[in-house]
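Residues in the sequence shown are numbered consecutively from 26, following the working numbering.
As structure tokens, the structure follows; a few thoughts come after it.
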Amino acid sequence: MQLEIAQFVSEYPIWTSGRPKGDRFKVSATIRYPEERILHHTGFWQMFKYAVVQYIAVVVVFVYVSERLKRFVFSHQLINTVAIKPYKNS
Numbered sequence: 026m027q028l029e030i031a032q033f034v035s036e037y038p039i040w041t042s043g044r045p046k047g048d049r050f051k052v053s054a055t056i057r058y059p060e061e062r063i064l065h066h067t068g069f070w071q072m073f074k075y076a077v078v079q080y081i082a083v084v085v086v087f088v089y090v091s092e093r094l095k096r097f098v099f100s101h102q103l104i105n106t107v108a109i110k111p112y113k114n115s
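Below, the structure is given as structure tokens:
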């Protein structure tokens with residue numbers, strides 16, 4: 026691992042005085058730093074946790090919509106249904 030130290034050097038320092046007491050102090054700066062490549066490998070449990078959260082989010086919406094649709098269809102009798110008894114009358 027290489028340790029790099031940033032140095033803040035002003036090429037063109039400008040100082041102005043005489044600002045009123047109530048004004049805020051203003052700093053304008055450009056900081057240049059080298060680009061760093063960061064690699065992150067996701068572990069199994071992190072990926073599993075992400076998958077479970079996504080699954081639950083989709084299932085909750087799907088169950089809510091399907092229950093509302095089922096309730097609407099059966100309450101407005103949009104589908105003909107026949108009740109079948111699971112046992113015979115003797």
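Idealized CB from N, CA, C, for every residue including glycine.
All values reported here derive from a predicted model rather than from experimental measurement.
Straight-line Cα distance separating residue 88 from residue 108: 25 Å
Cβ-based neighbour list, residue 104, same chain, cut-off 7 Å, excluding 5 preceding and 5 following: 98
Reduced DSSP secondary structure (H/G/I, E/B, other) of residue 93: helix
Rounded straight-line distance, which links the Cα of residue 86 to that of residue 94: 12 Å
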